[in-house]
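Numbering (this note's numbering), first residue to last: 13 to 179.
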Ligand code: HEM
């Protein structure tokens, strides 16, 4: 079996799942959750704690980055060939960096989501002052990490999709 073909297959399939899931969540589901009050909170809590969404995103993200890094290693003869300096080598490399940054932000999104879901489960009726402060801090963190995650994914996807056309 050709290892390059297997890695490329895994990279592209996992990349589609990861980028598609992340962007759909950021641009469609998160705003719907935010706009639907208590029903939205209940939906988000169920999604994060009872469905495999977070696990799927974690496995797909790690697979995309691991297979992508390996592909880059093969393409560059393990960081030695001039391919890295060509147009396509540069764009694949930069896209890869945005992909790695997206994975780091993705870990942070997963972490803040679990903490929010846990806190949501602890709050009975009106939150205490302490719970409200923690909720506010977590919501603020969630806003910027999910934005950074989504935009790094977009830049990585655009670069991956166009790299081959640079000389
Ligand atoms: C959002 C994440 C990513 C997506 C959706 C994605 C998607 C893709 C796609 C569709 C291709 C095929 C492009 C073509 O053949 O013209 C590709 C190729 C490639 N990707 Fe990614 N990628 C992502 C992240 C990464 C990361 C993090 C790395 C490296 C650290 C990476 C390294 C590569 C390399 C080296 C190739 C070229 C493989 C070849 O020579 O055929 N990618 N990627």
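Glycine included, each C-beta is placed from N, C-alpha and C at the ideal position.
If you're wondering where the values come from, they're calculated on a predicted model, not measured in any experiment.
Item: Expected contact under 8 Å - CB spacing of residue 111 and residue 168 to nearest Å; Value: 4 Å
Item: Backbone CA spacing between residue 184 and residue 66 [nearest angstrom]; Value: The structure shown has nothing for residue 184, since the chain only spans 13 to 179.
Item: Cβ neighbours of residue 26 in the same chain (closer than 6 Å, five flanking residues each side left out); Value: 72, 75, 76
Item: Alpha helix (DSSP H) segment containing residue 153, residue limits; Value: 141-174
Item: Proximity winner among 161, 158, 146, 104, relative to residue 178 (alpha-carbon distances); Value: 104
Item: Straight-line gap, residue 129 to residue 139 (C-alpha atoms, nearest Å); Value: 14 Å
Item: Contact under 8 Å by Cβ, residue 158 with residue 60; Value: no
Item: Residue interval of the alpha helix (DSSP H) (run including residue 67); Value: 65-87
Item: Touching by the beta-carbon criterion (3+ pairs, under 8 Å), the region 78-96 and the region 14-23; Value: yes
Item: Cut-off 8 Å between Cβ atoms - residues of its own chain near residue 38, not counting five sequence neighbours on either side; Value: 158, 159, 161, 162
Item: Residue 116: CB within 7 Å of a non-hydrogen atom of ligand 1; Value: no
Item: 8 Å Cβ cutoff met for residue 69 and residue 107; Value: no
Item: Rounded C-alpha distance that separates residue 141 from residue 31; Value: 37 Å
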